[in-house]
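Chains as they are written, first to last, in numbering that gives the first Met the number 0: chain H, 0 to 154; chain U, 0 to 154.
For glycine and all other residues, C-beta sits at the position ideal for the given N, C-alpha and C.
These figures come from a predicted structure and were not determined experimentally.
Below: the structure, in structure tokens.
Protein chains: 2
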Amino acid sequence: MTPALRDELRQRKPFRSLEQEAHLNIVRTAAVLADAFEQMLKPAGITGAQYNVLRILRGAEGDGLCRNELRDRLLTRMPDVTRLLDRMEEAGLVARARDADDRRLVTTRITARGRRVVDELDAAVAKEHRRRLGHLDADQLGTLIELLTLIRQPE
Amino acid sequence: MTPALRDELRQRKPFRSLEQEAHLNIVRTAAVLADAFEQMLKPAGITGAQYNVLRILRGAEGDGLCRNELRDRLLTRMPDVTRLLDRMEEAGLVARARDADDRRLVTTRITARGRRVVDELDAAVAKEHRRRLGHLDADQLGTLIELLTLIRQPE
DNA sequence: TGACATTAGGTGTGATAACACCCATATTCC
DNA sequence: GGAATATGGGTGTTATCACACCTAATGTCA
Numbered sequence: 000m001t002p003a004l005r006d007e008l009r010q011r012k013p014f015r016s017l018e019q020e021a022h023l024n025i026v027r028t029a030a031v032l033a034d035a036f037e038q039m040l041k042p043a044g045i046t047g048a049q050y051n052v053l054r055i056l057r058g059a060e061g062d063g064l065c066r067n068e069l070r071d072r073l074l075t076r077m078p079d080v081t082r083l084l085d086r087m088e089e090a091g092l093v094a095r096a097r098d099a100d101d102r103r104l105v106t107t108r109i110t111a112r113g114r115r116v117v118d119e120l121d122a123a124v125a126k127e128h129r130r131r132l133g134h135l136d137a138d139q140l141g142t143l144i145e146l147l148t149l150i151r152q153p154e
Numbered sequence: 000m001t002p003a004l005r006d007e008l009r010q011r012k013p014f015r016s017l018e019q020e021a022h023l024n025i026v027r028t029a030a031v032l033a034d035a036f037e038q039m040l041k042p043a044g045i046t047g048a049q050y051n052v053l054r055i056l057r058g059a060e061g062d063g064l065c066r067n068e069l070r071d072r073l074l075t076r077m078p079d080v081t082r083l084l085d086r087m088e089e090a091g092l093v094a095r096a097r098d099a100d101d102r103r104l105v106t107t108r109i110t111a112r113g114r115r116v117v118d119e120l121d122a123a124v125a126k127e128h129r130r131r132l133g134h135l136d137a138d139q140l141g142t143l144i145e146l147l148t149l150i151r152q153p154e
């Protein structure tokens, strides 16, 4: 019965429910991980959202993805992907091209420069993951992933 | 061996490591929970950060807290608490008063109006927590909390 | 006691996110 | 074939975030 988060947040009163405690633990842990991750990205000159886009587009290979497909694959909700891509295009990380068949579509692809940026981050990313999560064994990580997956399933 | 997140994000390739999969699961789940929570708050006219401040100040009772103490207790990093409190003060949710002994300190307290807002949200918050996490039993929630706490401990 | 460091709070400014709305192209269906 | 709808993308505007910097009050110690 570890009141670790309560201590961390110097909270005087106990949590109102186990569900609340779980909720706060999840959000808090994600914030800690995401903040550290962003710090790690800083020298490369990109944000967490931009890294995510690059990671996704690298996975899509040369096919690229349209804006909405990309938005749906992003880890976090992001209502303004257009201008995120604007900035990345300006930085030379991605390139956009209007589809010839369906002229509504604009396909975004990763550029050589963008690919170089993610590739060069691979080692630091792996190191960061080990640093933050490496002290849990495979069983623990597996259990955690299972529980989080269960939470995202509606009931 | 459920590739649930991979499906969710329509990712073609497997995760690079169990650590990465865990990291992405945590951040993704937190985003889902936090987004739903913000939607739930919308009718009350406050944001997630503002709710957090009100929740903390309610817990502090009449003592109130100074800005930095409040910042440290927030769930997520928030470098500009001053202007967050500016907005909340303007909305009549909190009140600030400079300390008489140490004139550097400004103590922020919840107002009656702010207290009414959080109090009236209690039922909806509890319902939201049940809706999102109620399908896990106490053992599962306990295990989850334990693992997340472990992650936040440096090694 | 007076220079220096520390702590608390705030400001200026540019970048980013959020929300509502708009335009163009495709599709549906009468 | 043409109005209605759906889909994809973008824009305008405001609020908020993030970072670097600034000022006032307190603490430290030669």
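Counting contacts by CB-CB distance shorter than 8 angstroms, is L132/H in contact with chain U? Translated into the one-based positions of the first sequence, residue 132/H becomes position 133. Interface residue, yes.
To the nearest angstrom, report how far apart D85/H and G91/H are at their CA atoms. As a first step, residue 85/H must be located in the first sequence, where it is residue number 86. As a first step, residue 91/H must be located in the first sequence, where it is residue number 92. Looking at the two C-alpha atoms, the distance is approximately 10 angstroms.
Answer yes or no: does any C-beta atom of chain H fall closer than 8 angstroms to that of K126/U? The residue given as residue 126/U occupies position 127 in the second sequence. Taking Cβ atoms only, chain H never reaches closer than 8 angstroms to K126/U, which makes this a no.
If you check the beta carbons only, do L32/H and R131/H fall under 8 angstroms apart? By one-based count along the first sequence, residue 32/H stands at place 33. By one-based count along the first sequence, residue 131/H stands at place 132. Cβ atoms of L32/H and R131/H: closer than 8 angstroms.
Given this structure, state the Cα-to-Cα distance separating T28/H from Q19/H, to the nearest angstrom. Against the first sequence, residue 28/H aligns to sequence position 29. Against the first sequence, residue 19/H aligns to sequence position 20. Between T28/H and Q19/H, the C-alpha separation is close to 14 angstroms.
Suppose you measure from the CA of E145/H to the CA of A21/H; what does that come to, to the nearest Å? Within the first sequence, numbered from 1, the residue matching residue 145/H stands at position 146. Within the first sequence, numbered from 1, the residue matching residue 21/H stands at position 22. Spanning the two alpha carbons is a distance of roughly 15 angstroms.
What does the alpha-carbon distance come out to for the pair V26/U and Q38/U? Indexing the second sequence from 1 puts residue 26/U at position 27. Indexing the second sequence from 1 puts residue 38/U at position 39. Computed Cα separation, rounded: 18 angstroms.
Test: D155/H CB closer than 8 angstroms to a CB of chain U: Nothing about residue 155/H can be reported from this structure: the residues present for chain H run from 0 to 154 only.
Beta-carbon proximity of R76/H to D138/U, cut-off 8 angstroms: The residue labelled residue 76/H in the question sits at position 77 within the first sequence. The residue labelled residue 138/U in the question sits at position 139 within the second sequence. No; because the gap between Cβ atoms is not below 8 angstroms, this pair is not in contact.
Using a Cβ-Cβ cut-off of less than 7 angstroms, list which residues of the segment 69 to 83 of chain U approach chain H; keep chain order. R72, L74, T75, R76
Member of E127/U, P153/U, R72/U, R151/U whose CA lies at the smallest distance from the CA of I150/H: Residue numbering aside, residue 150/H sits at position 151 when the first sequence is read from its first letter. I150/H has its Cα closest to that of E127/U, out of E127/U, P153/U, R72/U, R151/U.
Contacts that I144/H makes with chain U (C-beta to C-beta distance below 7 angstroms): Stepping through the first sequence from its first residue, residue 144/H is reached at position 145. Under the 7 angstroms cutoff, chain U gives E20, A21, N24.
Local Cβ density within 10 Å of A122/H, reported as buried at 16 or more and exposed below that: One-based indexing of the first sequence puts residue 122/H at position 123. So A122/H counts as exposed.
Sequence-distant residues of its chain with Cβ nearer than 6 angstroms to R97/U (five each side left out): Taking the second sequence and counting its residues from 1, one reaches residue 97/U at position 98. Cβ within range, chain order: V105.
Going by the beta-carbon positions, is the gap between G61/H and Q10/U smaller than 8 angstroms? Numbered from its first residue, the first sequence carries residue 61/H at position 62. Numbered from its first residue, the second sequence carries residue 10/U at position 11. Not a contact, by the Cβ cut-off of 8 angstroms.
Taking C-beta to C-beta, are R54/H and T107/H nearer than 8 angstroms? Along the first sequence, read from residue 1 onward, the residue named residue 54/H stands at position 55. Along the first sequence, read from residue 1 onward, the residue named residue 107/H stands at position 108. Contact: no.
Taking Cβ-Cβ distances shorter than 8 angstroms, what residues in chain U pair up with G58/H? Taking the first sequence and counting its residues from 1, one reaches residue 58/H at position 59. In chain order: Q10, R11, K12.
Going by DSSP, what residues sit across from T107/U in a beta bridge? Your numbering for residue 107/U matches position 108 in the second sequence. DSSP lists L64/U, R95/U as partners of T107/U.
Quick one: does Q38/U have its CB under 8 angstroms from some CB of chain H? One-based indexing of the second sequence puts residue 38/U at position 39. By this cut-off, Q38/U is not an interface position.
Compute the distance between the beta-carbons of A3/H and L74/U, then report whether it is under 8 angstroms. Position 4 of the first sequence, counted from the start, is the residue given in the question as residue 3/H. Position 75 of the second sequence, counted from the start, is the residue given in the question as residue 74/U. Cβ atoms of A3/H and L74/U: not closer than 8 angstroms.
Can you confirm whether L147/U, when its beta carbon is compared against all beta carbons of chain H, has any partner nearer than 8 angstroms? Working through the second sequence from its first residue, we reach residue 147/U at position 148. True, the Cβ-Cβ gap to chain H drops below 8 angstroms.
Nearest residue (CA-CA) to L23/H, options D136/U, A125/U, R15/U: Counting from 1 along the first sequence, the entry for residue 23/H is found at position 24. Comparing Cα positions, the closest option is A125/U.
Applying the 10 Å Cβ sphere with the 16-neighbour rule, what's the burial state of R72/H? If you number the first sequence from 1, residue 72/H lands on position 73. Flag for R72/H reads buried.
Secondary structure at H128/U, three-state DSSP: helix, strand or coil? For the purposes of this step, residue 128/U is taken as residue 129 along the second sequence, with counting starting at 1. Here H128/U sits in helix by DSSP.
Would I109/U pass as an interface residue toward chain H - the criterion being a Cβ-Cβ separation below 8 angstroms? Within the second sequence, the letter at position 110 stands for residue 109/U. No, its Cβ sits nowhere closer than 8 angstroms to a Cβ of chain H.
So for K12/H, helix, strand or coil by DSSP? As a first step, residue 12/H must be located in the first sequence, where it is residue number 13. It is coil, neither helix nor strand.
Helix, strand or coil for T142/U, going by three-state DSSP, please let me know. In the second sequence, residue 142/U corresponds to position 143, counting from 1. Correct three-state label for T142/U: helix.
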